[in-house]
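*Asks:*
There are 2 protein chains.
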Amino acid sequence: MTKKRARQAVILDLVAHHVVGSQEELRQLLLGRQMDVTQATLSRDIRDLGIARVGGEDGARYMLPEQVSAHDDKPLLANLLPQLFSRIDGVGELIVLHTVASGAQPIAEAIDQEDFEEVMGTIAGDDTILIVTRSSSARLALTARLLELAGES
Amino acid sequence: MTKKRARQAVILDLVAHHVVGSQEELRQLLLGRQMDVTQATLSRDIRDLGIARVGGEDGARYMLPEQVSAHDDKPLLANLLPQLFSRIDGVGELIVLHTVASGAQPIAEAIDQEDFEEVMGTIAGDDTILIVTRSSSARLALTARLLELAGES
DNA sequence: CGCTATAATGCATAATCATGCATTTAGTGC
DNA sequence: GCACTAAATGCATGATTATGCATTATAGCG
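Right under this line is the structure:
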């Protein structure tokens with residue numbers, strides 16, 4: 001069915017260039033292009049096309065995958081640290097980072113994902129993380145970096 | 001409120017590592033971590049965190065922005081062309097590309113976005129696109145490329 | 001062509017998500 | 001510690017999205 005493909009193409013186009021906040025809204029836009037389908041069909045089209053829906057201060061909106069990432073600001077750690085950080089300390093090549101309750105696990109994983117070269121490994125409890133770095137100077141460097149990310153610099 | 005931040009961090013973590021299909025499901029996961037909130041709160045958290053919801057064959061799922069793009073397969077043009085292409089022809093430095101009804105505009109925009117160096121510009125009607133290339137050989141090269149993208153190679 | 005199998009769609013409705021308003025909880029400054 | 005202000009949350013409900021089932025359109029095929 002050629003109508004379906006054309007419609008889905010138009011949908012991609014509309015979503016890419018307009019702010020589409022609901023399937024009903026999309027339906028109206030399609031009507032303007034002489035395409036009349038029900039919300040049910042749009043729900044299926046959106047699924048097929050892999051279009052994402054993200055909430056925003058001013059209501060939700062549909063976006064193409066490309067747009068979602070563009071809309072994304074910073075890496076995970078930068079998001080979490082300012083929220084969860086409580087204090088940091090260290091000795092030798094060890095850093096002890098304290099977070100708010102339940103914050104250690106997420107932060108530790110985010111640190112792991114960053115793949116800091118200074119880091120040998122991390123162990124996280126509930127609100128405390130032990131970070132083993134490669135050297136004393138690595139510890140100092142990383143501590144500074146983490147403080148900065150936490151917005152405490 | 002420190003509980004909110006910790007919860008949101010855990011949510012990011014859960015969404016990153018689990019397949020979360022609904023807010024109610026997320027609620028259950030949080031319960032397992034001794035965090036009890038209502039769906040309403042999760043709706044707000046998800047908005048605040050910029051988490052996206054994308055549909056899939058096996059139901060919808062929440063994803064972090066990073067994951068959405070990763071989940072995305074190919075650029076727009078590669079998605080559209082196989083769906084909308086009908087035939088292509090050309091002469092001199094001009095290409096005339098025919099698409100299914102209503103397909104020209106989306107395809108033309110996608111071509112523009114690709115920024116092909118062979119292309120000087122495009123003009124799209126409803127089902128026909130005129131592509132002006134920089135030279136006769138550029139025309140041949142681009143024609144081949146488009147045919148390939150359309151899966152007609 | 002007419003017939004069949006398959007895909008696409010609509011309809012009605014269930015499932016899920018968002019939000020206004022009231023209430024509770026933290027955070028601050030005496 | 002107490003009063004005060006702002007943030008966070010729950011509750012109830014409205015809005016939006018997803019889906020089972022029946023129907024209709026489309027693509028092949030003889």
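Quick note, the sequences are listed as chains A and B, same order. The opening position of the first sequence corresponds to residue 1 in my numbering, with each subsequent residue numbered one higher. The opening position of the second sequence corresponds to residue 1 in my numbering, with each subsequent residue numbered one higher. Even for Gly, the Cβ is constructed at its ideal location relative to N, Cα and C.
Out of 117/A, 135/A and 110/A, state which residue places its alpha-carbon closest to the alpha-carbon of residue 123/A.
*Replies:* Selected option, being the one with the closest Cα: 110/A.
*Asks:* Excluding five sequence neighbours on each side, which residues of the same chain lie with their C-beta closer than 8 Å to the C-beta of residue 60/A?
*Replies:* So the qualifying residues of the chain are 21, 22, 53 and 54.
*Asks:* For residue 136/A versus residue 66/A, is the C-beta distance shorter than 7 Å?
*Replies:* Against a cut-off of 7 Å, the Cβ pair of residue 66/A and residue 136/A comes out as no contact.
*Asks:* Chain A partners of residue 61/B, CB-CB under 8 Å?
*Replies:* By Cβ distance, chain A contributes nothing, its closest Cβ being about 10 Å from residue 61/B, past 8 Å.
*Asks:* For residue 127/B and residue 103/B, which I take to be in contact (beta-carbon distance under 8 Å), what is that distance rounded to the nearest angstrom?
*Replies:* The pair is a contact, with the Cβ atoms about 6 Å apart (cut-off 8 Å).
*Asks:* So, is the C-beta of residue 175/A closer than 7 Å to a C-beta in chain B?
*Replies:* No information on residue 175/A is available, as it lies outside the stretch 1 to 153 that chain A covers here.
*Asks:* Could you give the first and the last residue of the continuous alpha helix (DSSP H) run that contains residue 32/B?
*Replies:* Taken as a continuous stretch (DSSP letters only), the alpha helix (DSSP H) holding residue 32/B covers 23-32.
*Asks:* Could you spell out the range, first to last residue, of the alpha helix (DSSP H) harbouring residue 95/B?
*Replies:* It is not in any alpha helix (DSSP H) - residue 95/B instead sits in the beta strand (DSSP E) that spans 94-99.
*Asks:* Looking only at its own chain, which residues have a Cβ that is under 7 Å from the Cβ of residue 108/B, when we skip the five neighbours before and after it?
*Replies:* Only 122, 124 and 129 meet the Cβ criterion.
*Asks:* Between the C-alpha atoms of residue 143/B and residue 88/B, what's the straight-line distance to the nearest angstrom?
*Replies:* Rounded to whole angstroms, residue 143/B to residue 88/B spans 8 Å at the Cα level.
*Asks:* Using the beta-carbon of each residue, which ones in chain A are nearer than 8 Å to residue 13/B?
*Replies:* Under the 8 Å cutoff, chain A gives 105, 106 and 109.
*Asks:* Say whether chain B places a C-beta atom closer than 7 Å to the C-beta of residue 80/A.
*Replies:* So, interface residue.
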